[in-house]
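Anchor point for the sequence shown: position 138 equals 138 in full-length UniProt numbering, and the numbering is continuous, going up by one each time. In this text, a Cβ means the ideal position worked out from N, Cα and C, and glycines have one as well. Keep in mind the model is a prediction, meaning the values are calculated, not measured. Accompanying notes for the structure given below.
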Amino acid sequence: MATKRTYQQYCGLASGLDVVGERWTLLIVRELLMGPARYSDLLANLPGLGTNLLAERLKFLVGKGVIEQVDVRGTGAQLAYALTPVGEELRPVILGLARWGMEFVGELRAEDAVRPQWGFLAVEAMLDQRRASDLTESYEFQVDDEVFHIAVADGRASAVKGAAVEPVMRAKTDAATFVQIGGGRLTPLMAMVTGRLVLEGDMDAVVRCCELLGLETGAPASR
């Protein structure tokens, strides 16, 4: 760790980048924002990251107190990595960066990896609390084999893992389509017309959900 590169600037931003600015580091944190993950899970969900580099990044983040090893089952037989309270403070930073990055999502290339669980963080990043309804309701999403939902109550919205109880809207799609809708390259309407998105439920609720996520419901986005 003593030989790790540093910006050598007496500044909060530079000091933060000294910790999370290396390639792959923020993507490791992204995976752990969804919950503890084993080494093998991280390796599988970060294609292109070699095992030696992953081990190096994890060791460094543990040393900085950003992540820690946890005993998932309480038996000592299955250790995983999880964010510490310090690491959890990166959530709004990463969600903000993910929301900002949606502007630059291009066409899906053959070499691009896409995972359905990333849709959960995408929804969390896209939530606009100013547009949360006063109603108590939930909207459920099935992205490939992952299921999560948005719960709205008391004028606040939150992304929740797992199925909803009596959702007023259900959406079913694949991970690539979900990212393209979130990035504004495809509207929900056009995704439905082409059979890439199935929506069920009250149409007023669909509109409320789209507004909450900042999605255009009509003609395809210009970009």
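Judging by CA-CA distance, which residue of the options is the nearest neighbour of residue i?
i    : options               : result
G182 : A157, L121, G162      : L121
D154 : T136, R30, A171       : T136
S40  : A55, C11, G201        : A55
R38  : K161, E68, V198       : E68
L46  : D112, A82, V70        : D112
L83  : V29, P188, Y10, G74   : V29
G162 : A176, Q117, G21, T187 : Q117
L212 : L53, V152, L13, P85   : V152
W24  : C11, Y10, L49, Y7     : L49
V66  : G195, P85, T6         : P85
L32  : I94, G195, E216, A176 : I94
According to DSSP, residue i sits in a beta bridge with which residue or residues?
i    : result
I94  : I94 pairs with nothing; no bridge assigned.
Y81  : A37, Q69
Y139 : I150, M169
S158 : A151
L199 : A171
Identify, in the order they occur along the chain, each residue of the same chain with its Cβ nearer than 7 Å to the Cβ of residue i, setting aside the five sequence neighbours on each side.
i    : result
R156 : Q129, A132
T51  : L43
G214 : M126, D128
A176 : L108, V114
Can you name, in chain order, every residue of its own chain whose Cβ lies under 6 Å from the Cβ of residue i, other than the five neighbours on each side?
i    : result
F178 : G119, V143
V123 : A159
F141 : F148, A171
D174 : D144
M169 : Y139, G201, A205, V206, C209
L26  : V20
E216 : T187
Would you kindly work out how many angstroms separate the C-alpha atoms of residue i and residue j, rounded to a whole number?
i    : j    : result
V72  : M34  : 14 Å
K4   : P167 : 49 Å
I150 : D134 : 14 Å
R109 : R185 : 14 Å
S15  : P92  : 18 Å
M1   : A171 : For M1, the pLDDT reaches just 44, beneath the cut-off of 50, and the residue's location in the model is therefore unreliable, leaving the point undetermined.
A191 : D204 : 18 Å
L97  : V198 : 29 Å
L90  : Y139 : 26 Å
G12  : P188 : 41 Å
V193 : Q180 : 15 Å
L17  : R115 : 26 Å
A164 : T6   : 45 Å
R196 : E146 : 16 Å
E88  : Y10  : 24 Å
Who are the Cβ neighbours of residue i in its own chain at under 8 Å, not counting the five residues just before and after it?
i   : result
V70 : P36, L79, A80, Y81, A82
Cβ-heavy atom distance between residue i and the ligand COA below 6 Å?
i    : result
D174 : With respect to the ligand COA, the structure offers nothing, as it holds no ligand at all.
Across the segment 56 to 63 and the segment 99 to 111, are there enough close Cβ pairs to call them in contact, namely three or more that are closer than 8 Å? no
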